[in-house]
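Novice: Questions regarding the structure given below will be posed in turn.
There are 2 protein chains.
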Amino acid sequence: MRTAMLAGGTGEWEITAVRPVAGPGLDAAARLRVVDAALADHMAGAWRLDGIASNIRYATAREAADLRAVQEGLGRPAARRAVLIPIAKSPQWWALAQDERRHIFEETSHHTAIGMDYLPAVARKLYHCRDLGQPFDFLTWFEFAPEHESAFDALLLRLRATREWTYVEREVEVRLSRP
Amino acid sequence: MRTAMLAGGTGEWEITAVRPVAGPGLDAAARLRVVDAALADHMAGAWRLDGIASNIRYATAREAADLRAVQEGLGRPAARRAVLIPIAKSPQWWALAQDERRHIFEETSHHTAIGMDYLPAVARKLYHCRDLGQPFDFLTWFEFAPEHESAFDALLLRLRATREWTYVEREVEVRLSRP
Chain F
1 MRTAMLAGGT
11 GEWEITAVRP
21 VAGPGLDAAA
31 RLRVVDAALA
41 DHMAGAWRLD
51 GIASNIRYAT
61 AREAADLRAV
71 QEGLGRPAAR
81 RAVLIPIAKS
91 PQWWALAQDE
101 RRHIFEETSH
111 HTAIGMDYLP
121 AVARKLYHCR
131 DLGQPFDFLT
141 WFEFAPEHES
151 AFDALLLRLR
161 ATREWTYVER
171 EVEVRLSRP
Chain R
1 MRTAMLAGGT
11 GEWEITAVRP
21 VAGPGLDAAA
31 RLRVVDAALA
41 DHMAGAWRLD
51 GIASNIRYAT
61 AREAADLRAV
71 QEGLGRPAAR
81 RAVLIPIAKS
91 PQWWALAQDE
101 RRHIFEETSH
111 HTAIGMDYLP
121 AVARKLYHCR
131 DLGQPFDFLT
141 WFEFAPEHES
151 AFDALLLRLR
161 ATREWTYVER
171 EVEVRLSRP
């Protein structure tokens with residue numbers, strides 16, 4: 001299913017901050033909603049990003065099973081904070097072969113392993129959009145209880161310090177809150 | 001770039017056969033054109049399939065280099081035959097982890113290695129469409145000179161005999177010709 005992140009005047013999530021991390025940012029807006037893209041076509045908004053929850057691209061069967069055993073889904077009542085981080089990687093990244101990207105992703109940068117350290121507190125969902133002709137390659141979505149915000153910040157710092165992140169050429173951090 | 005395969009009354013390629021191999025086929029049509037999808041929105045047709053030439057999903061750096069050294073591009077004047085084969089794989093395939101799919105793709109089914117045997121005679125291009133909400137996961141496009149048609153037929157038989165192909169649940173063969 002194609003999902004739309006629609007920023008504007010209405011939506012379940014209040015946008016508390018929009019921070020450009022690399023490259024151009026996104027316009028400020030009051031609220032954000034996450035909807036089926038087919039419905040979003042008739043909704044007005046300040047900006048809209050679409051993505052698709054697609055198949056696994058790097059995780060091995062063992063890693064996927066480890067993740068499934070620990071992670072929790074989105075929508076937990078206690079998860080009143082969320083962060084949307086749209087990311088675009090460089091042409092150099094996409095020109096790499098599958099084994100080279102996997103090597104940087106996990107064997108060098110320990111992307112899955114770092115994320116595991118913050119489970120189940122930080123729930124995570126990845127939407128792909130590179131093939132949709134969107135300005136970003138991925139929309140990453142994180143959800144957690146307010147008391148886990150500092151743990152989430154630590155997770156972000158660790159991921160941004162990896163070799164994988166040297167291939168990120170655009171990144172925006174959209175902080176969200178719901179009561 | 002998003003590419004559209006548009007079947008109808010006009011186009012560079014004459015459609016000489018439409019053969020359902022697995023699952024529902026596609027309607028018969030006289031001709032086919034391959035165009036930028038943005039242009040196709042204003043064109044009428046019997047059917048239309050869209051895909052995107054995306055990044056490498058399985059090949060290693062070594063395999064990709066081996067392919068680049070031998071393969072030739074589309075559009076060679078002698079390549080007066082083409083075959084469009086749209087393919088959809090089963091949910092079981094897409095539920096596999098990356099290492100499991102790679103294992104079946106190459107280590108078990110020798111997909112890249114089989115294709116290498118027919119280079120440079122059979123030029124090949126892969127378009128991804130699973131994430132575009134299309135009825136197929138891939139559009140595979142092959143181009144060759146008329147004298148290499150039997151070699152291409154042998155290539156098809158070998159691929160369809162692989163374990164990878166047990167995951168194919170829809171496949172249509174569209175044979176094309178140009179003067």
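Chain order of the listed sequences is F and R. With the numbering used here, the residue at position 145 of the first sequence is 145, and numbering never jumps. With the numbering used here, the residue at position 171 of the second sequence is 171, and numbering never jumps. Ideal Cβ positions, reconstructed from N, Cα and C, are used throughout, including at glycine.
1) Quick check on this structure: which residue in ASP117/R, LEU84/R, PRO135/R and PHE144/R has the alpha carbon closest to the alpha carbon of PRO77/R?
2) Starting from the beta carbon of THR60/F, find every residue of chain R whose beta carbon is closer than 7 Å, and list them in chain order.
3) Does the separation of the CB atoms of ALA22/F and GLU171/F fall below 7 Å?
4) Can you pull the DSSP bridge partners for ALA4/R?
5) Assuming the contact rule is C-beta atoms closer than 8 Å, PHE138/R and ILE87/R should be a hit. Round their C-beta distance to whole Å, please.
6) Whose C-alpha, out of THR166/R, MET43/R, SER150/R and ILE52/R, is nearest the C-alpha of TRP94/R?
7) Out of curiosity, what's the CA-to-CA distance linking GLU147/F and ALA79/F?
8) In the DSSP assignment, what are the bridge partners of PRO20/F?
9) Bridge partners of THR182/F, per DSSP?
10) Can you give the Cα-Cα distance for PHE142/F and ALA7/F, rounded to whole angstroms?
11) Name, please, each residue of chain F whose Cβ falls closer than 9 Å to the Cβ of SER54/R.
12) Is ILE15/F helix, strand or coil by DSSP?
13) Per DSSP, what are the beta-bridge partners of SER177/R in this structure?
14) For the alpha helix (DSSP H) containing PHE152/F, list its first residue and its last residue.
15) With a cut-off of 8 Å on the beta carbons, I'd call THR60/R and ALA97/F a contact; round off their distance for me.
16) Can you have a look at GLY9/R and say buried or exposed, based on whether 16 or more other CB atoms are within 10 angstroms of its CB?
17) Apart from the five residues on each side of it in sequence, which residues of its chain come closer than 8 Å, Cβ to Cβ, to GLN71/F?
18) For ARG102/R, count the other beta carbons within 10 Å of its own beta carbon; 16 or more makes it buried, fewer makes it exposed. Which is it?
19) Span of the alpha helix (DSSP H) holding GLN98/R?
20) When you compare the CB positions of CYS129/F and GLY51/F, do they come within less than 7 Å of one another, or not?
21) Spatial neighbours of ILE56/F within its chain, please: CB distance less than 8 Å, with the 5 preceding and 5 following residues excluded, ordered by chain position.
22) For GLU106/F, which of HIS110/R, ASP99/R and SER177/R has the nearest alpha-carbon?
23) Excluding sequence positions up to five away, which residues of its chain have a Cβ less than 7 Å from the Cβ of ALA28/R?
24) Can the beta-carbon of VAL83/F be found closer than 7 Å to that of ARG160/F?
25) Should GLU164/F be labelled buried (16 or more other beta-carbon atoms within 10 Å of its own) or exposed?
26) For ARG81/R versus GLU149/R, is the C-beta distance shorter than 7 Å?
Specialist: The structure says:
1) Position 77 of the second sequence holds residue 77/R. Of the listed residues, the one whose Cα sits closest to PRO77/R is PHE144/R.
2) Taking the first residue of the first sequence as 1, we reach residue 60/F at position 60. Those are ALA97, GLN98 and ASP99, listed as they occur along chain R.
3) Translated into positions along the first sequence, residue 22/F becomes position 22. Translated into positions along the first sequence, residue 171/F becomes position 171. Yes, the pair counts as a contact, with Cβ atoms nearer than the cut-off.
4) As a working note, residue 4/R is residue 4 in the second sequence. In the DSSP output, where bridge partners are listed per residue, ALA4/R has VAL35/R and ASP50/R.
5) Walking along the second sequence from the start, residue 138/R turns up at place 138. Walking along the second sequence from the start, residue 87/R turns up at place 87. Indeed, because the Cβ distance is near 5 Å, the residues count as touching under 8 Å.
6) By 1-based counting over the second sequence, the position of residue 94/R is 94. It is THR166/R.
7) Taking the first residue of the first sequence as 1, we reach residue 147/F at position 147. Taking the first residue of the first sequence as 1, we reach residue 79/F at position 79. GLU147/F and ALA79/F: Cα-Cα distance of roughly 10 Å.
8) Walking along the first sequence from the start, residue 20/F turns up at place 20. PRO20/F is bridged to VAL172/F.
9) Since the first and last residues shown for chain F are 1 and 179, residue 182/F lies out of range.
10) As a position in the first sequence, residue 142/F is number 142, starting the count at 1. As a position in the first sequence, residue 7/F is number 7, starting the count at 1. So the alpha carbons of these two residues sit roughly 17 Å apart.
11) Here residue 54/R corresponds to residue number 54 of the second sequence, with the count starting at 1. Ordered by position in chain F, the residues that pass the 9 Å Cβ test against SER54/R are TRP94, ARG130 and ASP131.
12) Position 15 of the first sequence holds residue 15/F. Three-state result, ILE15/F: strand.
13) Translated into positions along the second sequence, residue 177/R becomes position 177. GLU14/R and ARG81/R.
14) What you label residue 152/F is simply residue 152 of the first sequence in a count that begins at 1. Counting along the chain, the alpha helix (DSSP H) containing PHE152/F begins and ends at 149-160.
15) By one-based count along the second sequence, residue 60/R stands at place 60. By one-based count along the first sequence, residue 97/F stands at place 97. Yes, THR60/R and ALA97/F are in contact; Cβ-Cβ is about 5 Å, under 8 Å.
16) As a first step, residue 9/R is located in the second sequence; it is residue number 9 there, counting from the start. Per the 10 Å Cβ criterion, exposed.
17) Stepping through the first sequence from its first residue, residue 71/F is reached at position 71. Correct list, in chain order: LEU119, PRO120, ALA123 and ARG124.
18) Numbered from 1 along the second sequence, position 102 holds the residue referred to as residue 102/R. Buried, because 16 or more other Cβ atoms sit within 10 Å of the Cβ of ARG102/R.
19) Numbered from 1 along the second sequence, position 98 holds the residue referred to as residue 98/R. Here the alpha helix (DSSP H) through GLN98/R covers 98-102.
20) Your numbering for residue 129/F matches position 129 in the first sequence. Your numbering for residue 51/F matches position 51 in the first sequence. Cβ distance < 7 Å, so CYS129/F and GLY51/F count as in contact.
21) Within the first sequence, residue 56/F is the residue found at index 56, counting from 1. Contacts found: ALA64.
22) Translated into the one-based positions of the first sequence, residue 106/F becomes position 106. For GLU106/F, the nearest C-alpha among the options comes from ASP99/R.
23) Counting from one through the second sequence, the residue named residue 28/R turns up at place 28. Closer than 7 Å at Cβ, skipping near neighbours: VAL18.
24) Here the question's residue 83/F lines up with position 83 in the first sequence. Here the question's residue 160/F lines up with position 160 in the first sequence. No, Cβ-Cβ distance for VAL83/F and ARG160/F is not below 7 Å.
25) Numbered from its first residue, the first sequence carries residue 164/F at position 164. Classification for GLU164/F: buried.
26) Counting from one through the second sequence, the residue named residue 81/R turns up at place 81. Counting from one through the second sequence, the residue named residue 149/R turns up at place 149. Result yes, Cβ atoms of ARG81/R and GLU149/R sit closer than 7 Å.
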